[in-house]
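A short write-up of the structure that comes next.
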Amino acid sequence: MYFCGVQQIPPEYIRKIIHVDMDAFYASVEQRDHPELRGKPVAVGGSKERGVVAAASYEARKFGVHSALASAIAYRQCPQLIFIKPDFEKYRSVSKQIRAIFLEYTSLVEPLSLDEAYLDVTENKKGIATATRIARQIRERIFEETQLTASAGISINKFMAKVASDYHKPNGQKTIMPEEVLPFLEELPIGKFFGVGKKTAEKMKKLGIHYGRDLKKWDQALLVREFGKSGVHYYNIVRGLQKSEVKPNRIRKSIGAERTFSQNLNSQTEMLEALTGIGQKLAERITAAKASGKTVTLKLKYENFETHTRSQTLNAYTQSSQEILAAAQKLLLENGPNQAVRLLGITLSNLKPAQSKAKSVQLTLDF
Ligand SMILES: [Mg+2]
Numbered sequence: 007m008y009f010c011g012v013q014q015i016p017p018e019y020i021r022k023i024i025h026v027d028m029d030a031f032y033a034s035v036e037q038r039d040h041p042e043l044r045g046k047p048v049a050v051g052g053s054k055e056r057g058v059v060a061a062a063s064y065e066a067r068k069f070g071v072h073s074a075l076a077s078a079i080a081y082r083q084c085p086q087l088i089f090i091k092p093d094f095e096k097y098r099s100v101s102k103q104i105r106a107i108f109l110e111y112t113s114l115v116e117p118l119s120l121d122e123a124y125l126d127v128t129e130n131k132k133g134i135a136t137a138t139r140i141a142r143q144i145r146e147r148i149f150e151e152t153q154l155t156a157s158a159g160i161s162i163n164k165f166m167a168k169v170a171s172d173y174h175k176p177n178g179q180k181t182i183m184p185e186e187v188l189p190f191l192e193e194l195p196i197g198k199f200f201g202v203g204k205k206t207a208e209k210m211k212k213l214g215i216h217y218g219r220d221l222k223k224w225d226q227a228l229l230v231r232e233f234g235k236s237g238v239h240y241y242n243i244v245r246g247l248q249k250s251e252v253k254p255n256r257i258r259k260s261i262g263a264e265r266t267f268s269q270n271l272n273s274q275t276e277m278l279e280a281l282t283g284i285g286q287k288l289a290e291r292i293t294a295a296k297a298s299g300k301t302v303t304l305k306l307k308y309e310n311f312e313t314h315t316r317s318q319t320l321n322a323y324t325q326s327s328q329e330i331l332a333a334a335q336k337l338l339l340e341n342g343p344n345q346a347v348r349l350l351g352i353t354l355s356n357l358k359p360a361q362s363k364a365k366s367v368q369l370t371l372d373f
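Okay, structure coming up:
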């Protein structure tokens with residue numbers, strides 16, 4: 007659609023979406039509650055011998071410590087790193103406080119995790135004219151009530167809002183105005199596009215697609231030929247065409263964790279060890295979601311990129327990390343991969359249904 011020579015996004019694709027993302031959430035909560043940790047490199051997560059980092063303070067990030075990094079590696083990179091055991095009860099309750107603030111502005115709040123949510127403020131409860139002002143107010147309110155900082159991205163759809171929230175992090179916000187969306191997308195590196203994973207980004211680069219502007223030169227049929235159904239998505243997203251329905255009561259169907267290895271794993275011993283780390287990450291997510299489930303699925307991606315999954319359904323609902331890990335390890339041993347593995351993942355599905363409406367809200371991750 008063109009007006010006065012300027013390319014336009016059709017109005018039905020324009021909402022006022024805010025993506026709010028707490029800054030180093032778990033680590034910031036711990037620094038808030040333990041003043042002796044302030045200004046220090048802190049990792050919330052497993053011990054330094056085993057396990058993974060769930061969140062790293064900004065001081066720790068300077069040493070390359072980030073979430074999902076094996077604690078042992080984090081410790082090597084930053085020997086003065088202080089490890090703190092996560093307290094999900096506490097994070098959940100802070101999350102609820104923050105969510106209550108969101109709900110004063112709009113009912114359309116979609117939590118992505120304990121520390122992130124999308125808000126649709128196209129029509130907001132306070133009649134505030136701009137989403138930018140709402141985001142600023144919300145961040146101020148969060149700070150007043152929790153002494154924690156949040157960053158926000160504001161734009162026409164979820165994807166753009168999420169890209170924007172990363173821009174002035176920590177404790178900042180960025181608005182990408184409707185007329186700025188298309189030029190912004192042209193300059194955006196392909197790996198930052200919603201739905202473009204590492205593997206797809208590699209493939210796109212081989213095809214000469216490095217930025218949005220390169221992607222835009224491809225017509226839809228060609229993209230579909232190269233990328234299947236996702237081709238349609240790539241074609242639309244670079245044109246700002248994403249319908250962003252913010253779903254307030256998103257109910258999870260599964261919870262998973264996976265890891266791609268920088269070097270393929272060859273031996274079963276290495277694979278079993280890696281599973282332990284993934285199992286811990288998953289256990290943290292299960293605890294955060296207060297979920298339990300019956301089916302454990304092991305995902306393996308081989309060096310030739312073929313993906314296989316193996317599942318086992320347990321007799322009863324479980325949230326026990328040991329039980330889930332044991333099932334995943336059993337699935338690995340039973341299907342003894344005879345090729346090197348580049349990715350492993352564990353998913354818990356067949357989640358326990360909510361007993362009441364109140365419970366079903368709890369099943370989602372409260373924000
Ligand atoms: Mg965050």
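Residue 7 is where the sequence shown starts when you use our numbering, and the numbers rise one by one after that.
Even for Gly, the Cβ is constructed at its ideal location relative to N, Cα and C.
In this text, all values refer to a predicted model and were calculated from it rather than measured experimentally.
Query	Result
For residue 312, the three-state DSSP class (helix, strand or coil)	coil
Cutoff 7 Å; reference residue 341; Cβ partners in own chain excluding five residues on either side	316
Any non-hydrogen atom of ligand 1 closer than 6 Å to residue 149 Cβ	no
Integer-rounded CB distance, given that residue 125 should sit under 8 Å from residue 26	7 Å
Which of helix, strand or coil DSSP assigns to residue 364	Caution is warranted here: a pLDDT of 37 is assigned to residue 364, below 50, making its placement in the model unreliable, and the coordinate value is therefore given only provisionally. In this structure, residue 364 counts as helix in the three-state DSSP scheme.
Cβ-Cβ distance between residue 261 and residue 291 below 7 Å	yes
Same chain, Cβ closer than 8 Å to residue 217, neighbours up to 5 away in sequence not counted	192, 193, 194, 195 and 196
Buried/exposed call for residue 371, threshold 16 Cβ in 10 Å	At residue 371, the pLDDT of 33 sits below 50, so the modelled position is not reliable and the matter cannot be decided from this model.
First through last residue of the alpha helix (DSSP H) which encompasses residue 35	31-39
Distance cut-off 6 Å: residue 210 Cβ against heavy atoms of ligand 1	no
Opposing strand residues paired with residue 89 [DSSP bridges]	49
Endpoints, beta strand (DSSP E) assigned at residue 285	No beta strand (DSSP E) holds residue 285; the alpha helix (DSSP H) holding it covers 274-295.
Three-way DSSP call (helix, strand, coil) for residue 25 in this model	strand
Three-way DSSP call (helix, strand, coil) for residue 320 in this model	strand
Alpha-carbon to alpha-carbon, residue 295 and residue 365	Unreliable placement is indicated for residue 365, whose pLDDT of 34 sits below 50; the coordinate value is still reported in the next sentence. Straight-line Cα distance between these residues: approximately 11 Å.
Near ligand 1: residue 39 beta-carbon under 6 Å from a heavy atom	no
Straight-line gap, residue 61 to residue 72 (C-alpha atoms, nearest Å)	7 Å
N- and C-terminal bounds of the beta strand (DSSP E) containing residue 230	Segment 226-233 is the alpha helix (DSSP H) holding residue 230; no beta strand (DSSP E) there.
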